[in-house]
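Everything below concerns the one structure shown next.
Residue numbers (this note's numbering): 251 to 1305.
Right under this line is the structure:
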């Protein structure tokens, strides 16, 4: 015999803990010896023989533990049937050996799980367990193994047990589960009971099985702290529910007992009872439920009828509201409604039982008196019950809707004009809930909608009721008009409920309300509904709403009546409406053309500049409603030629136009053109850029970009510089491999043009054009040579003392915009330009403006907005500009050390602080965090600067430091807190005060011993700001004061 085997056995036997590493290693080694046939299991047992028969309880128990551990982990295919039988006989003989009972049960369980275990042995096994194993008095872990044996038997040999061992399985379960109280054991006991109850013939034992689990109802369990099994009360409750609902035979005991427990004063118990009833109703057979239908209805109906129901837009919202209610009493409502729905589901196409049909009609008859009178206290509750039942299935819906709807609508019969406002309100609420059953079946469940759908018969009544509430009531009755509008929104969500003509009539009514009712609430509700309708029914909006709204836009600035009607909405309100209903490309298509025609009319009628600006602004907003996937190809043919002609002609050539030379109108127009180009087919961009350059720089009259020739030609190198605002936006959106003209000659011409321009907008647009060209089309050695040459020339001019100051500033602007273009794409030449600009902080001539220059380099500007389209690899890629993701991080990391070092050398020079504060506004928090320790002193110093912009930026960084690196802040509290209080009591703007208050609130999270000394000074320092003229500042100040009032105070105990 191998000495190694004896060694492993002895090592296990001398170990104090069977779960120790040495013990587990010994078990693994022995298993390997057996599985590699170095020793047979029989020989292994012989080697252990003396230990297994040892008089000492501890040695005998440990030996049996080793054998059971080996059996548990060894290959389940290793043992033959004869081996298993011999081992089982051995283990069964040990059931009477009390000290070894746990190890014995573990071994038996491992044998059952062996592949060659014969189900014929189950009878002998369970008979012995019943006879020789008494759970009472055993530890919970030992009792668990008894359950585990039965579970393993049922898992591996269920069919055999059902066919041959029905009674033995039931009796074994009853024997093992008696008086069990351990939570872990109860979980497996409930699991076994569910299997036994649902799979075996329990007719003779159903009462015993029911009693064996119902004695635990209701379960009240809270897991102890550090529970290793993580068992919850909900797990136990659900396990028990599974038992009680596993067999119809339990119904005679479960329903009476559960109904009796409904009277429990504990809401928690009541919830448990109702959830259990619902599961039983769902799983018991229909024939069984029929016997308890009426008793269940009578026991549960008052849980809804006697309850005040909250307002909700639909049944789903109502259910969710009560499911998350704080009060357990209120959480009863959704469960009871679910039970009623489950009762309704028993009546179906497959089982149209007359008794069930009578029961359903009985419920309707009982609630009829409440349905007829919308003002009855139980009317809403009755409707909700029936709505839940009607949503059970199609059979119930078809049976009850023809009975429920006439009752609901009976108050309108023959007296539509005489219904009181209160009745109308309640009636619409009730009808809305019943319509939820339609939504559940035909929207959510997607059932087929037949022409014979019973709800269609009452559609006219519903529409008449809505129309009366919407148009026949006073505009002062805001609540009922809004309720009618909400109901309209619901009708539009119902699949195939409304016909096209009905949709049109409703949209017409809504549009009338929108155009005639100036109440903000009604207007908002109508707008939201039209917004929803526009997504699915754009044709309806186009046919009725858009034309009606366009009429509300006057053709001049006159305040005279429109078609005899005094408008109730401003032009701004009408445009707001247009934007709200632009939720479909069809509407955008139509609206663009209509607004373009309106623009033409306004210009010809001499409308004011402000009105035309308003239209152009909203035109750009309408275009922004286009999604990334919406194509603008058609617009480039049907919209752009006329639009572009009108804008250029009116701004550049028509001196009598209200928008002649108007930069704001051109700005809005440029936004529209940019969006149109962004959505234009990228393959057509190279052709487009040719046309754009031909129009703006070559004076072409005949171009597809214009629907007719302009009065004069355009050459932006010589005239009409105002159009650079439009051109730069178009250029920013275009993707093209090259420019139509040489890029270096183009930039040279632009630089010359800069000296001819007179307005800030013209100059800025031209500089942005230069920046875009450098960013998008400059690359390679030639570009590097060109830019180095330009850098040398420009810096030479700037450094020349004879150069006029204005010329220096203009050239400095040029360098700034070129630098921005380079660093955004991480061009190596950008470092040279950047270092030059940073060095200007030391220049006495330019130090004051350099911080603003550095800000431009990292600022997020519209001209460099990036847009994506799907690229060659199927992933979205930016197509219109060259921007590298980490360019700001690179700029910050390279600039920061210089700013800090220079400031330390010259602390009186505030320009370094200003530059740092302005740059930090545009840098992501993750970039700032690694540098907080080095920049914090500068940030604290900058709080004393006069610029609100800089101080606000510094406070943002301080807030990050407070939240992310509190250790840095704690050392500076004596400086930081007085500075923050001083800012609150100074003549600072709203942003500074708000951010200072937010910093103080964040500081309150520090450890108490650090903040309590400052508590009173902070509270006193808030006195002035609590009276601030800005509401938002007062609000944050109030929150801050409350935080410090409660700082260090004992928390009030709950419950």
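The C-beta atom is built at its ideal place from N, Cα and C for all residues, glycine as well.
Q: Just mark residue 672 as buried or exposed, buried being the case when its beta carbon has 16 or more other beta carbons within 10 Å.
A: By one-based count along the chain shown, residue 672 stands at place 422. Looking at its Cβ environment, which holds fewer than 16 other Cβ atoms inside 10 Å, residue 672 is exposed.
Q) Are residue 1293 and residue 1244 closer than 8 Å when you measure CB to CB? A) The residue you call residue 1293 lines up with position 1043 of the chain shown. The residue you call residue 1244 lines up with position 994 of the chain shown. Contact flag unset, no.
Q | Stretch pair the segment 1153-1160 + the segment 1130-1145: three plus CB contacts closer than 8 Å | A | Verdict: no, contact absent.
Q | Residue from 1173, 824, 532 whose Cα sits closest to the Cα of residue 1135 | A | Looking up residue 1135 in the chain shown gives position 885. Across the set 1173, 824, 532, the C-alpha of 1173 shows the shortest separation from the C-alpha of residue 1135.
Q.
Just to confirm the assignment, what range does the alpha helix (DSSP H) spanning residue 798 have?
A. Mapped onto the chain shown, residue 798 falls at position 548. For residue 798, the enclosing alpha helix (DSSP H) covers residues 796-801.
Q.
Counting C-beta neighbours from all protein chains within 10 Å, is the total for residue 269 16 or more, i.e. buried, or is it exposed?
A. Position 19 of the chain shown, counted from the first residue, corresponds to residue 269. Around the C-beta of residue 269, fewer than 16 other C-beta atoms lie within 10 Å, and the residue is accordingly described as exposed.
**Q.** Secondary structure of residue 514, DSSP reduced to three states
**A.** Taking the first residue of the chain shown as position 1, residue 514 is located at position 264. Reduced to three states, the DSSP call for residue 514 is coil.
Q: For residue 690, name the three-state secondary structure that DSSP assigns.
A: Position 440 of the chain shown, counted from the first residue, corresponds to residue 690. Of the three classes helix, strand and coil, the one that applies to residue 690 here is helix, per DSSP.
Q) So what's residue 816 in DSSP terms, helix, strand or just coil? A) Looking up residue 816 in the chain shown gives position 566. Here the model assigns residue 816 a pLDDT of 47, short of 50, so the residue's position is not dependable, and the following value carries that caveat. Three-state DSSP puts residue 816 in coil, outside helix and strand.
Q | Cβ shell of residue 391 (< 8 Å), same chain only, five flanking positions each side left out | A | Position 141 of the chain shown, counting from 1, holds the residue named residue 391. Taken in chain order, the residues that qualify are 352.
Q. Alpha carbon to alpha carbon, how far is residue 503 from residue 699?
A. As a position in the chain shown, residue 503 is number 253, starting the count at 1. As a position in the chain shown, residue 699 is number 449, starting the count at 1. Cα-Cα distance, rounded: 42 Å.
Q: Can you have a look at residue 1271 and say buried or exposed, based on whether 16 or more other CB atoms are within 10 angstroms of its CB?
A: Position 1021 of the chain shown holds residue 1271. Buried, because 16 or more other Cβ atoms sit within 10 Å of the Cβ of residue 1271.
(Q) Suppose contacts are defined by Cβ-Cβ distances below 8 Å. Is residue 866 in contact with residue 828 by that definition? (A) On the chain shown, residue 866 is found 616 positions in, with the first residue counted as 1. On the chain shown, residue 828 is found 578 positions in, with the first residue counted as 1. Not a contact, by the Cβ cut-off of 8 Å.
**Q.** C-beta atoms of residue 655 and residue 689 nearer than 8 Å
**A.** What you label residue 655 is simply residue 405 of the chain shown in a count that begins at 1. What you label residue 689 is simply residue 439 of the chain shown in a count that begins at 1. No, they are not a contact pair.
(Q) Quick check on DSSP: helix, strand or coil for residue 1026? (A) As a working mapping, residue 1026 is identified with position 776 in the chain shown. The answer is helix: DSSP assigns residue 1026 an H, G or I state.
Q.
Taking a contact to mean a Cβ-Cβ separation below 8 Å, would you say residue 614 touches residue 551 in this structure?
A. On the chain shown, residue 614 is found 364 positions in, with the first residue counted as 1. On the chain shown, residue 551 is found 301 positions in, with the first residue counted as 1. Not in contact: residue 614 and residue 551 (Cβ atoms no closer than 8 Å).
Q) When the Cβ atoms of the segment 955-965 are set against those of the segment 979-999, are three or more pairs found closer than 8 Å? A) Because the criterion of three Cβ pairs below 8 Å is not met, the segment 955-965 and the segment 979-999 do not touch.
**Q.** Buried/exposed call for residue 814, threshold 16 Cβ in 10 Å
**A.** Taking the first residue of the chain shown as position 1, residue 814 is located at position 564. Unreliable positioning characterises residue 814 in this predicted model, as indicated by a pLDDT of 46, which lies under 50. The coordinate reading is nonetheless provided below. Exposed is the call here.
Q: Let me know if residue 824 comes out buried or exposed under the rule of 16 or more other beta-carbons within 10 Å of its beta-carbon.
A: Position 574 of the chain shown, counted from the first residue, corresponds to residue 824. Taking a 10 Å sphere around the C-beta of residue 824, we find 16 or more other C-beta atoms and assign the residue as buried.
Q) Relative to the C-alpha of residue 646, which residue among 282, 727, 341, 687 is closest? A) The count along the chain shown starts at 1 and reaches residue 646 at position 396. Among 282, 727, 341, 687, the Cα nearest to that of residue 646 belongs to 687.
**Q.** Cβ neighbours of residue 1310 in the same chain (closer than 6 Å, five flanking residues each side left out)
**A.** This structure cannot speak to residue 1310, because the chain is shown only from 251 to 1305.
Q) What do you get for residue 1281, buried or exposed, if any count of 16 or more other CB atoms within 10 angstroms of its CB means buried? A) Counting from 1 along the chain shown, the entry for residue 1281 is found at position 1031. With fewer than 16 other beta carbons inside 10 angstroms of its own, residue 1281 counts as exposed.
Q | Where the alpha helix (DSSP H) through residue 1173 begins and ends | A | Stepping through the chain shown from its first residue, residue 1173 is reached at position 923. Neither: residue 1173 is in no alpha helix (DSSP H) and is coded neither H nor E.
Q: Kindly list the residues whose CB is nearer than 8 Å to the CB of residue 1262, restricted to its own chain and excluding five residues on each side of it in sequence; keep chain order.
A: Position 1012 of the chain shown, counted from the first residue, corresponds to residue 1262. Within the same chain, residue 1262 has close Cβ partners 1297, 1298.
Q. Just how far apart, CA to CA, sit residue 916 and residue 1064?
A. The residue you call residue 916 lines up with position 666 of the chain shown. The residue you call residue 1064 lines up with position 814 of the chain shown. Answer to the nearest angstrom: the Cα atoms are 23 Å apart.
Q. Short check: CB of residue 856 to CB of residue 908, under 8 Å?
A. Working through the chain shown from its first residue, we reach residue 856 at position 606. Working through the chain shown from its first residue, we reach residue 908 at position 658. Cβ atoms of residue 856 and residue 908: closer than 8 Å.
(Q) My assumption, with CB atoms under 8 Å, is that residue 1061 sits in contact with residue 1085. Please give the rounded CB distance. (A) The residue you call residue 1061 lines up with position 811 of the chain shown. The residue you call residue 1085 lines up with position 835 of the chain shown. Taking C-beta atoms under 8 Å as the contact rule, residue 1061 and residue 1085 fail to qualify, at a distance of about 17 Å.
Q) Looking at C-alpha atoms only, which residue of 981, 968, 970, 635 is the closest neighbour of residue 922? A) Position 672 of the chain shown, counted from the first residue, corresponds to residue 922. Closest by alpha carbon: 981.
Q: Would you mind giving the Cβ-Cβ distance between residue 1284 and residue 1276, rounded to the nearest angstrom? I have them listed as a contact below 8 Å.
A: Stepping through the chain shown from its first residue, residue 1284 is reached at position 1034. Stepping through the chain shown from its first residue, residue 1276 is reached at position 1026. Separation of the CB atoms of residue 1284 and residue 1276 is rounded to 6 Å, and the pair is thereby assigned contact status at 8 Å.
**Q.** Pair within 8 Å by beta-carbon distance, residue 379 and residue 427
**A.** Your numbering for residue 379 matches position 129 in the chain shown. Your numbering for residue 427 matches position 177 in the chain shown. Contact annotation: residue 379 and residue 427 have beta-carbon atoms that are not nearer than 8 Å.
(Q) With a threshold of 8 Å, are at least 3 pairs of Cβ atoms found where one atom belongs to the segment 1074-1094 and the other to the segment 934-951? (A) Below 8 Å, too few C-beta pairs join the segment 1074-1094 and the segment 934-951 to call them touching: fewer than three.
Q) Would you report the Cα separation of residue 811 and residue 753, rounded to the nearest angstrom? A) For the purposes of this step, residue 811 is taken as residue 561 along the chain shown, with counting starting at 1. For the purposes of this step, residue 753 is taken as residue 503 along the chain shown, with counting starting at 1. With a pLDDT of 47 at residue 811, under the threshold of 50, the predicted position of this residue should be treated as unreliable, and no value is reported.
Q: Please work out which residues of its chain come closer than 6 Å, Cβ to Cβ, to residue 633, disregarding the five sequence neighbours upstream and downstream, and give them in chain order.
A: For this step, residue 633 is matched to residue 383 along the chain shown. So the list reads 680, 683, once near-sequence residues are dropped.
Q: Compute the beta-carbon to beta-carbon distance between residue 821 and residue 769, rounded to the nearest angstrom, for a pair I have assumed lies under 8 Å.
A: As a working note, residue 821 is residue 571 in the chain shown. As a working note, residue 769 is residue 519 in the chain shown. 19 Å between Cβ atoms; not a contact.
(Q) Taking only three categories from DSSP, how would you classify residue 1011? (A) Reading the chain shown from its first residue, position 761 is the one you call residue 1011. Looking at residue 1011 - three-state DSSP - the assignment turns out to be helix.
Q.
Buried or exposed for residue 641, going by 16 or more other Cβ atoms inside 10 Å?
A. For the purposes of this step, residue 641 is identified with residue 391 of the chain shown, where counting begins at 1. With 16 or more other CB atoms across the displayed protein chains lying within 10 angstroms of its CB, residue 641 is buried.
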